[in-house]
Amino acid sequence: MNWLPDLVFLDIETTGGSHTRDRITEVALLKLENGKVSTTWETLINPCTPIPRNISGLTGISNEMVKDAPKFEEVAGDLYSHLEGVVMTAHNSRFDYGFLKAEYKRMGGTLKLRTLCTVKLSRALYPDVEGHSLDAIMQRFGLTTNARHRGMGDVQLMLDFLEAAKRDLGSVKVIHAINLQLKGPTLPVGIDDSFLNDIQDVPGVYLFYDDTDLPLYIGKSIKLRTRVLNHFASDHVTATEMELAQKVKRVEWKETAGELGALLLEAKLIKSMQPAYNRLLRKHQKLYAIQMSEQLNVLPWLKIVTLEDVDPSELEFLYGIFKTKKSAKDLIYKLVDEFQLCCKVLGLEKGKGKCFGEHVGKCSGVCVGKEKHDLHHLRLKLSLAPHKLKSWPYEGKVGIKELNPDTNKTELHVFEQWCYLETIDSDADLTEAMHTKYSLQFDLDIYRLIGKALSSSRNVIQFNNTQSIPI
């Protein structure tokens, strides 16, 4: 189909990047009907909050310029009349649409529009080109403007890009790419599709809920939108996947700065919410480990302990992680056979005198004085060495920093003694975390995650309680 819907190219300027904290200072739009410009509209807006100096330097919009401008609620009706029934088109439409929805929500209303993102359009049309910002597009096509980072200047650049792409690739290809983006995915009947307006291909965690709002499934991805929509594709591999897709009635998601943050949040939410279709990360009832005593004159040298009863600072004295006591005991018996260890000193046999292994020539005789205790203890330690849990390689807490260069979202994941403490995203939270004494709880999944993260990350920050570390 070579039909192009009516588009409203729109750009807003704001006091900052957060639609919950910051406010709009300018709106400009240009309406394209039947391929021709039919309407232009622009206004400054009084944000009722100071414009930071660095933002004024970027946009050229000062506090003086907006002090007598209308407030958003004074132009909201007029603005909506231009947006109703058309496709709102913006460069990174999520940003502009998010601010507009927030403003209408503050007024007690809702805004629901079809949107077209010219960043995505540029990527679809020029997949092999690096850089899809307006500045990059200007350079690519030789476009110019006297009002970069002002509403109407950026709106005109978007229209100029559309026309340049048509000349370069042909109208058919450009219109086809636009309609593909607008077509959107096919979703199961009954699902609330409002999430499609906002969810992007960013790292994070998604949550599926049923018609009673109980959690069905929690997952993570570095491309949230793609992963979520894959769940609703028609080519399900298993009956379970199809069953899950048909039960979902609501989708929620939480954005993170990177993959580690998504993994940590996924594990935390699954254990706390216990979704019906998650199994791997659901909380184990009990985990066990082998604890070795360093006191040679106190028997037995080995004990099987539950991990929930062990202080995480003592993990370096533990060996192996087991789901059952029997699994732990099976390993000990295996080592007894391989290394001629004594069942008496290890606590596998009770009573006095020699162990059964010494009777049949499988024990080195520590139980009857043929081998010194310190030598036997050393051999025991060597036999257990491959199963030793890692000792915490830092003094106190550390943070692993993650930054998403596409969204500028930054998070610091805080750990101590192989335990995950929390994720913070501000200097104020960091200062508090540095001085907080946390209750440590060992978790096997987190232990494995941290081990991989610490070995591969270059962004490990050791906490120093005497100074602040900016996130």
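Under my numbering, the letters of the sequence shown match residues 86 to 556, in that order.
Don't be surprised by glycine CBs; every beta carbon is placed ideally from N, CA and C.
Computed from a predicted structure; not experimentally measured.
- Pairing glutamate 401 with leucine 474 gives a Cβ-Cβ distance under 8 Å.
- Around the beta carbon of threonine 297, a 10 Å sphere encloses fewer than 16 other beta carbons of the protein chains shown; the residue is thus reported as exposed.
- Selection Arg312, Gln376 and Val274 evaluated against valine 290 yields Arg312 as nearest (Cα-Cα).
- Taking C-beta atoms as the reference points, threonine 100 and isoleucine 130 fail to come closer than 8 Å.
- Of the other Cβ atoms in all chains shown, fewer than 16 fall within 10 Å of the Cβ of tyrosine 479; this residue is therefore exposed.
- Under the three-state reduction of DSSP output, valine 453 falls in the helix class.
- Bridge partners of methionine 377 according to DSSP: Leu387.
- Rounded to whole angstroms, isoleucine 146 and histidine 316 show a C-alpha spacing of 45 Å.
- Shown here for leucine 392: same chain residues with a beta carbon closer than 6 Å to its own, the five before and five after excluded, namely Leu372, Ala374 and Phe527 in chain order.
- Residue nearest to lysine 482 within the set Trp126, Trp503 and Val172 is Trp503 (criterion: CA-CA distance).
- When only Cα atoms are considered, tyrosine 362 and glutamine 370 end up about 18 Å apart.
- Residue range 138-144 is occupied by the alpha helix (DSSP H) that includes threonine 144.
- Where threonine 508 is concerned, the enclosing beta strand (DSSP E) starts and stops at 504-509.
- In this structure, leucine 349 lies away from valine 240, with their beta-carbon atoms at least 8 Å apart.
- With respect to the C-alpha of lysine 152, the residue from Ser412, Thr134, Val333 and Leu309 having the closest C-alpha is Thr134.
- As DSSP reads the structure, histidine 498 sits in a beta bridge with Ile485 and Thr508.
- Exposure of valine 445 is indicated by the presence of fewer than 16 other C-beta atoms within 10 angstroms of its C-beta.
- Under the Cβ criterion (8 Å, minimum of three pairs), the region 194-210 counts as touching the region 264-278.
- Using a 10 angstroms sphere on the CB of tyrosine 418, the tally of other CB atoms stays under 16, which defines it as exposed.
- By a beta-carbon distance limit of 8 Å, glycine 484 contacts isoleucine 546. Their separation comes to about 4 Å.
- Beta-bridge partners assigned by DSSP to proline 300: Tyr294.
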